[in-house]
Each structure stands twice: as C-alpha cells, then as structure tokens.
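Using the numbering used here, you'd call the opening residue of the sequence shown number 590 and step up by one each time.
Glycine included, each C-beta is placed from N, C-alpha and C at the ideal position.
Note that the structure is a prediction, hence the values are computed from the model and not measured.
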Amino acid sequence: KSLELLTELADQLPDQVTIYLRGCPSLLGESALQQVIEKRRNMIFDGEYVAPDDFPEIYSRVHFNWCGDFSDGDNSLWLLPNRIYEGGYFGIPAIAIEGYETGRVVKQRSLGATIDVPYVDSLKTFLLNLNPEQYRAMRKGIETQPRENFVGIEDLDCLLTSLSNKP
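So this is what it looks like as structure tokens:
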C-alpha cells in the first residue's frame, strides 16, 4: 500500500516530488518494483543498502523520511520502525500515519508530520502547503533534540568499555 500511495503522489505531482526508495523489495519483488519505477521519471530505486554505512548518503538525498507501514494485521498499528530513529539522527522529518503508533511518536516527539485518510490527498496537501521556513523549523526542531533520542548511547558506552578492558 505504501508503494501505491507514493506512486499515486508521484503521478499527481510529477514536477514537484521525487520519490527515492532504498531497501529490499521483498514483498513485491524487484522486477515488479522496477516496472513501477521505469514508468516514472520522478521515482528512483537505488537498491539495497548497508546499515549504518549507507545512511549518510541516503539521508543526504531526501527531505522526508517515509514511515508509513500498511502491513496486514495489527503489526502496522503498533510498530516503531527504525527509520524514525535513523532519519531523526540525520535531522530528516518523518511522515507517518495518523492513528498508528509511529504517528503518535512522531507527533509527540516533534519528529515530522502525520497524514490521515485519504492518505494521498492528505500528503499532497501537506507538501503543497509547506513553505521553506516551516520546513527549516521542522528540521531544526529535530536537529536540536538530544542525540540519545536517536542512538542508544548507554549501549555504545558499555560496548566500548568492555572492549577497552580486553587484552
């Protein structure tokens, strides 16, 4: 459903948005995804990535981080995808779904924006009404948050301490 939504947005705003996708197209399959991408000059699929090595390059190419998930069952309603932390670490605003746990966290922590049904219309309205000052303020609000909101510093400290005690 995410791909359908983003494809519809790309079709409605061909000169205003570029949809940049990375990852493993496991549910759809790469050939089916390529068929969707090839029909649109404003959609790019750059394949799988190596986490966290590729994150700086990935997040330097985008203005927003899609955090919508529409998997079958209740999993989508309560999950918190790593993307909200990864994107937040790089100061990239998330776009999440209203009424889902991800949307609640994005709102509560000021990590971006939420959209509601009808999703494409809601996303399109948000993007078309957003001005540069609002976007900069959104980014600044994320970039000034404590690093600990995005990275488990205490785990890293424990690991580094244990490694430094090794002969």
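query	result
Anticipated Cβ contact below 8 Å, ASP658 with SER665, distance rounded	4 Å
Among ASN718, LYS713, ASN738, SER660, the one whose alpha carbon lies nearest that of GLN697	ASN738
PHE659 - containing alpha helix (DSSP H), residue span	PHE659 -> no alpha helix (DSSP H), and no H or E assigned at all.
C-alpha distance - ILE647 paired with TRP655, whole-angstrom precision	13 Å
Beta-carbon contacts of GLU597 that lie in its chain and below 7 Å, excluding the five residues immediately before and after	VAL709
Residue of ARG629, LEU610, LEU622, GLU619 minimising C-alpha distance to PRO603	ARG629
Between the CA atoms of ASN754 and ARG611 - distance to the nearest angstrom	38 Å
Distance between ILE686 and SER591 (C-alpha atoms, nearest Å)	11 Å
Continuous beta strand (DSSP E) stretch holding ALA683: start and end	683-686
Alpha-carbon to alpha-carbon, THR714 and GLY706	Reading off the sequence shown, one finds Val at residue 706, where the question assumed Gly. Rounded to whole angstroms, VAL706 to THR714 spans 12 Å at the Cα level.
Presumed contact (8 Å Cβ cut-off) between VAL606 and LEU716, rounded CB distance	7 Å
Range covered by the beta strand (DSSP E) that runs through THR703	701-704
Alpha-carbon spacing of HIS652 relative to GLU627, whole angstroms	22 Å
Delimiting residues of the alpha helix (DSSP H) encompassing TYR724	721-732
Cβ-based burial, LEU749 [other Cβ within 10 Å; buried from 16]	exposed
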